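>
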Amino acid sequence: MTEALPAFDIVPALPEVFLLLAGMALLVVGAMRDKDASRVVTPLAALALLVAALFVIGADKTADPIFSGHFVFDSFAAFLKVVILAGSAVSIVLAQGYLEDQELDRFEFPLLILFSSLGMCMMVSANSFLALYMALELQSLPLYVLAAFNRDQLRSTEAGLKYFVLGALASGMLLYGCSLVYGFTGTILFDDLGAMLLGTENGTLELGIGALVGLVFIAAGLAFKLSAVPFHMWAPDVYEGAPTPVTAFFAAAPKVAAVGLTLRVLMQPFGPVAGEWQQIIVFIAIASMLLGAFAAIRQTNIKRLLAYSGIGHIGFALVGLAAGTERGIYGVLIYMTIYLVMTLGTFTVVLMMRRQGRYIETIDDLAGLSSTRPLMAAAMAIFMFSLAGIPPLAGFFGKLYVFMAAVEAGLTPLAVLGVLASVVGAYYYLRIVKLMYFDEPAEAFDRQGRLELQAICAVSAVLVLGFILIPGPLLATAQAAAAALMP
Amino acid sequence: MLYVILVFAPLVGAIVAGLFGRQIGDRGAQIVTCGLMGLSALFSVIAIFSTVGAEPFRVPLFTWMNVATFEVDWALRIDALSGVMMFVVSFISFFIHVYSVGYMSHDKSIPRFMSYLSLFTFAMLMLVTSDNLIQLFFGWEGVGVASYLLIGFWYTKPSACAAAIKAFLVNRVGDVGLMLGIAVCYLLFDSVQYDVIFAGAAAMADATVVVFGGEFHALTVVGILLFIGAMGKSAQLGLHTWLPDAMEGPTPVSALIHAATMVTAGVFLVARFSPVYEYAPVALAMVAFIGASTAIFAATIGLTQFDIKRVIAYSTCSQLGYMFFACGVGAYSAGIFHLYTHAFFKALLFLGAGSVIHAMSDEQDMRKMGGIWRKIPVTYAMMWIGTLALVGFPFTAGFYSKDAILEAAWASTNSFHLYAFWLGITAAVLTAFYSGRLIFMTFHGPCRADEHVQSHIHESPKVMTIPLGVLAAGALLAGFFGYGMIAEDGSWWAGAIFSHPDNTVLHDLHYVPLWVKLSPIVAMAVGLGLSYLFYMRMTEMPGRVASALKPLHTFFYNKWYFDELYDRIFVRPAKALGLGLWRGGDQAIIDRFGPDGVAAAALATARRASRLQTGFVYHYAFAMLIGVAFLVSWYMMVGRG
Numbered sequence: 007m008t009e010a011l012p013a014f015d016i017v018p019a020l021p022e023v024f025l026l027l028a029g030m031a032l033l034v035v036g037a038m039r040d041k042d043a044s045r046v047v048t049p050l051a052a053l054a055l056l057v058a059a060l061f062v063i064g065a066d067k068t069a070d071p072i073f074s075g076h077f078v079f080d081s082f083a084a085f086l087k088v089v090i091l092a093g094s095a096v097s098i099v100l101a102q103g104y105l106e107d108q109e110l111d112r113f114e115f116p117l118l119i120l121f122s123s124l125g126m127c128m129m130v131s132a133n134s135f136l137a138l139y140m141a142l143e144l145q146s147l148p149l150y151v152l153a154a155f156n157r158d159q160l161r162s163t164e165a166g167l168k169y170f171v172l173g174a175l176a177s178g179m180l181l182y183g184c185s186l187v188y189g190f191t192g193t194i195l196f197d198d199l200g201a202m203l204l205g206t207e208n209g210t211l212e213l214g215i216g217a218l219v220g221l222v223f224i225a226a227g228l229a230f231k232l233s234a235v236p237f238h239m240w241a242p243d244v245y246e247g248a249p250t251p252v253t254a255f256f257a258a259a260p261k262v263a264a265v266g267l268t269l270r271v272l273m274q275p276f277g278p279v280a281g282e283w284q285q286i287i288v289f290i291a292i293a294s295m296l297l298g299a300f301a302a303i304r305q306t307n308i309k310r311l312l313a314y315s316g317i318g319h320i321g322f323a324l325v326g327l328a329a330g331t332e333r334g335i336y337g338v339l340i341y342m343t344i345y346l347v348m349t350l351g352t353f354t355v356v357l358m359m360r361r362q363g364r365y366i367e368t369i370d371d372l373a374g375l376s377s378t379r380p381l382m383a384a385a386m387a388i389f390m391f392s393l394a395g396i397p398p399l400a401g402f403f404g405k406l407y408v409f410m411a412a413v414e415a416g417l418t419p420l421a422v423l424g425v426l427a428s429v430v431g432a433y434y435y436l437r438i439v440k441l442m443y444f445d446e447p448a449e450a451f452d453r454q455g456r457l458e459l460q461a462i463c464a465v466s467a468v469l470v471l472g473f474i475l476i477p478g479p480l481l482a483t484a485q486a487a488a489a490a491l492m493p
Numbered sequence: 091m092l093y094v095i096l097v098f099a100p101l102v103g104a105i106v107a108g109l110f111g112r113q114i115g116d117r118g119a120q121i122v123t124c125g126l127m128g129l130s131a132l133f134s135v136i137a138i139f140s141t142v143g144a145e146p147f148r149v150p151l152f153t154w155m156n157v158a159t160f161e162v163d164w165a166l167r168i169d170a171l172s173g174v175m176m177f178v179v180s181f182i183s184f185f186i187h188v189y190s191v192g193y194m195s196h197d198k199s200i201p202r203f204m205s206y207l208s209l210f211t212f213a214m215l216m217l218v219t220s221d222n223l224i225q226l227f228f229g230w231e232g233v234g235v236a237s238y239l240l241i242g243f244w245y246t247k248p249s250a251c252a253a254a255i256k257a258f259l260v261n262r263v264g265d266v267g268l269m270l271g272i273a274v275c276y277l278l279f280d281s282v283q284y285d286v287i288f289a290g291a292a293a294m295a296d297a298t299v300v301v302f303g304g305e306f307h308a309l310t311v312v313g314i315l316l317f318i319g320a321m322g323k324s325a326q327l328g329l330h331t332w333l334p335d336a337m338e339g340p341t342p343v344s345a346l347i348h349a350a351t352m353v354t355a356g357v358f359l360v361a362r363f364s365p366v367y368e369y370a371p372v373a374l375a376m377v378a379f380i381g382a383s384t385a386i387f388a389a390t391i392g393l394t395q396f397d398i399k400r401v402i403a404y405s406t407c408s409q410l411g412y413m414f415f416a417c418g419v420g421a422y423s424a425g426i427f428h429l430y431t432h433a434f435f436k437a438l439l440f441l442g443a444g445s446v447i448h449a450m451s452d453e454q455d456m457r458k459m460g461g462i463w464r465k466i467p468v469t470y471a472m473m474w475i476g477t478l479a480l481v482g483f484p485f486t487a488g489f490y491s492k493d494a495i496l497e498a499a500w501a502s503t504n505s506f507h508l509y510a511f512w513l514g515i516t517a518a519v520l521t522a523f524y525s526g527r528l529i530f531m532t533f534h535g536p537c538r539a540d541e542h543v544q545s546h547i548h549e550s551p552k553v554m555t556i557p558l559g560v561l562a563a564g565a566l567l568a569g570f571f572g573y574g575m576i577a578e579d580g581s582w583w584a585g586a587i588f589s590h591p592d593n594t595v596l597h598d599l600h601y602v603p604l605w606v607k608l609s610p611i612v613a614m615a616v617g618l619g620l621s622y623l624f625y626m627r628m629t630e631m632p633g634r635v636a637s638a639l640k641p642l643h644t645f646f647y648n649k650w651y652f653d654e655l656y657d658r659i660f661v662r663p664a665k666a667l668g669l670g671l672w673r674g675g676d677q678a679i680i681d682r683f684g685p686d687g688v689a690a691a692a693l694a695t696a697r698r699a700s701r702l703q704t705g706f707v708y709h710y711a712f713a714m715l716i717g718v719a720f721l722v723s724w725y726m727m728v729g730r731g
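The listed protein sequences correspond, in order, to chains A and B. Just so we're aligned: the first sequence equals residues 7 to 493 in this note's numbering. Just so we're aligned: the second sequence equals residues 91 to 731 in this note's numbering.
Written as structure tokens, this is what we have:
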């Protein structure tokens, strides 16, 4: 397929190329300007991300893989790229106010996010183990730096370091897994590997034990990026230690990218041996859901709580992957999109928790919010109810689709466990609502002057609330994206 | 249309006063409910004139349920029986609404009261105009709810709440019977429509049903089950305990619900089901036996009570017994006749008592009254009229109906007819005695109230005395106008009440020996005379008799120890069982291992889960490696088989 035009057909990679060039250019711009570098670069970076998203939307989604089959651009990649780019752009906008207040407003911040987003876009388009690893590292390196962005603060540097050390370990595992698979199968291209597994003689879909171990290692490396149990340990510490906008970013786009990558790796090259990896995913899903539900109960720091919440949500999303069907993929895509909106919304509220100019992050500070800041409390309540999965909010539908897929695939016990875990999880989400609405008001928060935060918060709340009214566009695109992934 | 307005006007009043009471205010609620009730009462007068002797017909409203063969419509069944009942209910209810305007004038929640009263009236009208058993049940439960709400109207008073709950629970016991009766009807006739049931009753005369392995005469089973329902609602012996306690409600409520209308629903039910009862002699015998026993039983208690309302309440209970044994001996029309006259004079007595209580600053104990007849002459006169009608003084309302009942009892062929007759006569003596006692203790002799109360004694306002006057007129004349009900040929009813061709009691009761005809009058004279002697002439006699017959007096005074008995047999074991299940079953087992256990386990898990997070990087790395090692080993050992 690539024989006909082997040379430089870069059209499908246009968004990435644009992002790369824009990033370089903005780097130069930032370096040239003196004082207001971040003020100029930040909006431009966000704009670049959105333009890239437009490129993605406008592009032809049926092109053949390019770069000798290492890079693929299909509806699945397009769907995730739009979500990732939008999420990253929002993260950049969210951050500005915080960074200015903390005197951290350096122009590198938006650029790091931009480069990381570039990596993420390549992740979801990766069509070989080489491209996968390269994209993953391109995404991860800026994240390590971002975690330690507040370098004068011990917690932040500690978070960055922890993340880096563990991330290196995970990368090592991933790479080792890739090499095992290559060693036992002789190919690094997803298409070739998939065709090979599919074409096994007598229809027995046999995967050598060596390659299987390789698959386990790859899965472990990906699970680290997903912060799924038992590779999740970094998440609470890093979430808590990193500056809040960084945490918001961590919780949003990179997770979507990691889920996309995992979906592609497991469904395309390893799709024919779904029976093998299903067991890993089921185990990881159950462990993540339960740990996410139980460990969050005793948290007092809201960022830490959201870290566990994120672990739990990845568990739920993996339920859809465990099903291994098109409906499952469809469910996961919807789930992650809704999750991104809810999470970003929640973090905007966290970013608005400011008292006398200081940012605060304990849950008790939310007490009685409904009487001091009713709109903010209402938005937070919407996000919490949605995260808990209470109808008719969007979060309910995310869960509904993945659980339905699991039941249809005969994984009813998994779905039941998922529902039980979400019951436990509902406890801590609703506790926040209870704190806001029924407890004695704590000292009021500062009046929030930043318009962009309020706007993002409002838009997220409306999206979460209104999903039930106009679910069509999202469902249809997710449907197409899921179909693209199936052989 | 007339009938629809008649039935639904009170509902509209109830809704308006209940939901918008705050907007329209006290006065508005009174005007709306009384106005709509007045409309209903006016139509009910038209209704009684147009239904008497007229063919029955039904006014269909709409379909309620239609499940396979089970069809229930909302429809009004209009015939002479429902005509009489509609008249009694709407007419008396209207005057009680008006009376309430005065009586409740100092209350804080007038709209609520008026709304409940109207709601009750609607439910009662629904009951008496029902076209099928399910609709009857709707009305039956509706009046039950309204009764509950009204007894507990002063909900801050613990005794009122307790009485309301008691009334509701005791009625539930009867309702079980009614529900089972309805079910057996459906089993037998494959329908709950009256038309179908009544038309098919004769054909079912020999049918049997199997209950708990035994085979029983089907219509007898229906009759007894329905009668159990009637016993609950009409406070017959055994299920009567709620009625005296229900006097905790405001007095107009006692007059309307617990004297004139709701408690007579049971009598109505038996009369309505006359086509069934006529083929169930055993059930009729039971009705006669229970009715007669209640009549004497309640009268004996009435002799000894001191609370003015309780005396009248027991009197009501006793009179209901009369109505039932009238039905039991086959003279349904005599029972309904007494129901109709009784509604007037008993409502009058209750409202009169309410007027007295009002005058005496809410004092209900007759021992703290006396000698007030000069101060409240109108009330005094009204009470006398009510009393005379109750004891059956010649040519008052009660005279006609009570005579008819006793004569029917004598003339009947029911196995308990003499039992009923003699107990009825004895009860008539007792009735006259306690009624006289009530009048003499309340109005005559020295005044035993304290100075403060005495200075406040005043006649009630016109809004209260006018309804009294109307009811008094009814108590005097109702018997005269309704005499046609017990006419030999039964033309008044035009088939609404069925009599078996062999049942000639309506004919026979007109041809009983003279002494039987005179005996009620003698009984009345003896009773009233004795009470005059005891309470006016020889005032030390009551005490002396009471001490001479101490055990008997104590027995009567304590209401035959029914409450204590039930407390021992039902209430305490039920409480003990409930307490045991609560402490032992719910708290110790379900809560401990259920919600509490799960919550505690979740917390413990949460504690352990958060302890995993040590903060050391090498721990984290170790966890990752363990995870990979576990997964790889899983595939090595298990996963691949």
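For glycine and all other residues, C-beta sits at the position ideal for the given N, C-alpha and C. These figures come from a predicted structure and were not determined experimentally.
Can you pull the DSSP bridge partners for R361/A?
DSSP lists R364/A as partners of R361/A.
> Looking at the secondary structure, which residues open and close the alpha helix (DSSP H) in which L175/A lies?
160-191
> Determine, for L721/B, whether the minimum Cβ-Cβ distance to residues of chain A falls below 7 Å.
yes
> Contact criterion: CB-CB distance below 7 Å. Does Y708/B meet it with respect to chain A?
no
> Taking 7 Å as the cut-off, decide whether the C-beta atoms of D598/B and A471/B are in contact.
no
> Could you check if L667/B is buried or exposed, using at least 16 other CB atoms within 10 Å of its CB as the buried criterion?
exposed
> Under 7 Å between the Cβ atoms of A449/B and I402/B?
no
> Which residues does DSSP list as the beta-bridge partners of P150/B?
As a beta-bridge residue in DSSP terms, P150/B pairs with A165/B.
> From the DSSP output, which residues share a beta bridge with N156/B?
E161/B
> Is the CB of G313/B under 7 Å away from at least one CB in chain A?
no
> Quick one: measure Cβ to Cβ for V235/A and L297/A, integer angstroms, because I've assumed they're closer than 8 Å.
5 Å
> Could you check if Y573/B belongs to the surroundings of the ligand NAD, using beta carbon to heavy atom distance under 6 Å?
With respect to the ligand NAD, the structure shown offers nothing to examine, as it has no ligands at all.
> Tell me the DSSP secondary structure of I466/B in three-state form.
Coil, per DSSP.
> Does R161/A get closer than 7 Å to chain B when you measure Cβ to Cβ?
no
> Can you give me the Cβ contacts of F184/B inside the same chain, cut-off strictly under 8 Å, excluding the 5 residues immediately before and after it?
C124, M127, G128, S130, A131
> Going along chain A, which residues have a C-beta under 8 Å from Q703/B?
Residues of chain A with a Cβ closer than 8 Å to the Cβ of Q703/B are, in chain order, M239, P242, D243, A301.
> Taking C-alpha atoms, which residue in A421/B, G526/B, R400/B lies nearest to E497/B?
A421/B
> Are L372/A and L441/A closer than 7 Å when you measure CB to CB?
yes
> Which residues of chain B have a Cβ atom closer than 9 Å to the Cβ of L172/A, listed in chain order?
V707, Y710, A711, M714
> Going by alpha carbons, who is nearest to F33/A out of L50/A, L20/A, D107/A?
This sequence places Leu at residue 33/A; Phe is not what is there. The shortest C-alpha separation from L33/A is found at L50/A.
> I286/A versus chain B: which residues are under 7 Å apart at the beta carbon?
L721
> What number of angstroms, rounded off, separates the C-alpha of G395/A from the C-alpha of V356/A?
20 Å
> State the DSSP-derived secondary structure class of A487/B, mapped to helix, strand or coil.
helix
> Please tell me whether L144/A and G125/A are closer than 7 Å, where the distance is taken between their beta carbons.
yes
> Taking 7 Å as the CB-CB cut-off, is G684/B touching chain A?
no
> Report all residues from its chain with a CB closer than 7 Å to the CB of M531/B; omit the five preceding and five following residues, and keep chain order.
M456, M459, G460, Y625
> At 8 Å on the CB atoms, spell out the chain B contacts of V219/A, in chain order.
What V219/A touches in chain B: V722, Y725.
> Reducing DSSP to helix, strand and coil, say where I72/A ends up.
strand
> Quick one: which unbroken alpha helix (DSSP H) runs of 4-plus residues sit fully inside the region 432-481 of chain A? Chain order, please.
Runs found: 457-472.
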